[in-house]
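Numbers given in this note's numbering equal positions in the sequence shown, counted from 1, plus 705.
Quick reminder that beta carbons are idealized off the backbone N, C-alpha and C, glycines included.
Since this is a predicted model, take the numbers as computed values, not measurements.
Scroll down for the structure; my scribbles are underneath it.
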Amino acid sequence: MKKTAIITGASKGIGAATAILFAQKGYNVVINYNNSYESATLLARSLSQNGFSVTTQKANVANRLEAELLIKETLYKFGRIDVLVNNAGVAFESLISSTDEVDYDRIMDINLKGTFNCCKAVTQVMVNQQAGKIINISSMWGETGASCEVAYSASKAGVIGLTKALAKELAPSGITVNAVSPGIIETSMNSNLTVEELNDFVATIPLGRMGTADEIAQAVYFLASDNADYITGQVLSVNGGYVI
Ligand code: NAP
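As structure tokens, this is what we get:
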């Protein structure tokens, strides 16, 4: 039976690259988006025209009911859910003194509660199957903390804690839960940085360049594959050697 993967935040960037890779590998792919209807639809259309099995599903993962509906609709369409990739996320750069409660809540709601909502909604499905792979996208800033990114770093550190705890809880049901922790990746998330800022940053990366969205997708795919069946509760850092 064809496997099914849900990729949250797949309208662009790392999520889109992951959706393309899973489709090419033969999965039914659910491209989740929140605001970017057009890019999600264009991506789905181009994959479908090439014979791949994809569908789009709007859901704000920060909203519990919408996250639940994302899981329910996928189950209804494809009959099972083999892989959940919690990739949806937003960045936020600010001094703590300028980070108000609304900013903090928004970042935590999308990055951490969104991951919790989707994990919680998919758990019963995967427990019934006695199989499943959950891959959460953290960040190297969740491992090390970034100056002027307290809320973002805390949300991504929370994703790592959630991953480790849920891995222990779900292992007896044959479900693995891992995280991928990207370094600086060429996506629109970094479009706020000037060329000079990017060059300064790249100069500090041992491998001397930014990563690509496809390089993160490949790490996600590995953790979802049978080759990673004995790996759970781990954080796979893909950062060009920036954090060792
Ligand atoms: P991106 O290009 O800005 O894409 C972000 C994606 O998240 C979009 O598809 C967006 O969908 C979706 N999203 C945002 N809020 C959402 C919500 N409430 N519900 C559902 N989807 C939502 O960013 P990216 O660089 O690919 O980042 C993907 C993940 O990697 C994020 O979790 C990010 O924190 C992490 N990461 C990125 C980097 C990097 O350097 N790029 C480094 C470390 C970690 P819509 O546009 O449809 O709303």
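Whole-angstrom distance between residue j and residue i, CA atom to CA atom
i           : j           : result
residue 939 : residue 924 : 12 Å
residue 668 : residue 846 : The question about residue 668 has no answer here: the residues shown for the chain are numbered 706 through 949.
residue 941 : residue 848 : 11 Å
residue 833 : residue 724 : 25 Å
residue 902 : residue 913 : 14 Å
residue 796 : residue 769 : 21 Å
residue 813 : residue 861 : 9 Å
residue 905 : residue 897 : 14 Å
residue 818 : residue 936 : 24 Å
residue 788 : residue 730 : 13 Å
residue 781 : residue 808 : 35 Å
residue 852 : residue 802 : 12 Å
residue 827 : residue 776 : 6 Å
residue 931 : residue 880 : 12 Å
residue 785 : residue 825 : 16 Å
residue 774 : residue 798 : 31 Å
residue 753 : residue 816 : 29 Å
residue 870 : residue 811 : 23 Å
residue 783 : residue 872 : 25 Å
residue 740 : residue 751 : 19 Å
Contact belief for residue i with residue j at Cβ below 8 Å, rounded distance in angstroms
i           : j           : result
residue 766 : residue 793 : 5 Å
residue 886 : residue 844 : 6 Å
residue 882 : residue 839 : 4 Å
residue 736 : residue 761 : 5 Å
residue 715 : residue 738 : 7 Å
residue 917 : residue 823 : The pair is not a contact, with the Cβ atoms about 25 Å apart (cut-off 8 Å).
Cutoff 6 Å; reference residue i; Cβ partners in own chain excluding five residues on either side
i           : result
residue 707 : 733
residue 841 : 791, 820, 864, 868, 884
residue 919 : 722
residue 726 : 922, 926
residue 928 : 840, 883
residue 779 : 711, 735, 786
residue 755 : none
residue 950 : The first residue shown for the chain is 706 and the last is 949, placing residue 950 beyond what the model contains.
residue 720 : 712, 714, 792
Chain-order list of residues whose beta-carbon lies under 8 Å from that of residue i (same chain, five-residue window excluded)
i           : result
residue 910 : 888, 889, 944, 945, 946, 947
residue 758 : 707, 728, 732, 733, 734
residue 718 : 890, 892, 893, 894, 918
Reduced DSSP secondary structure (H/G/I, E/B, other) of residue i
i           : result
residue 789 : strand
residue 712 : strand
residue 840 : strand
residue 925 : helix
residue 816 : helix
residue 941 : strand
residue 854 : strand
residue 876 : helix
residue 884 : strand
residue 736 : strand
residue 889 : coil
residue 803 : helix
residue 934 : coil
residue 947 : coil
residue 794 : coil
residue 831 : helix
residue 707 : coil
residue 861 : helix
residue 717 : coil
residue 869 : helix
residue 825 : helix
residue 741 : coil
Nonlocal neighbours in the same chain, by C-beta distance under 7 Å from residue i, ignoring five residues either side
i           : result
residue 850 : 858
residue 915 : 889, 890, 891, 907
residue 804 : 855, 856
Worksheet item: Which runs of the beta strand (DSSP E) fall wholly inside the stretch 754–786 and span at least 3 residues, in chain order?
Response: Listed in chain order, the complete beta strand (DSSP E) runs (minimum 3 residues) inside the stretch 754–786 are 759–763.
Fill in: Every unbroken alpha helix (DSSP H) inside the stretch 893–917 [4 residues or more]
Taking only runs of at least 4 residues, the alpha helix (DSSP H) segments lying wholly in the stretch 893–917 are 900–907.
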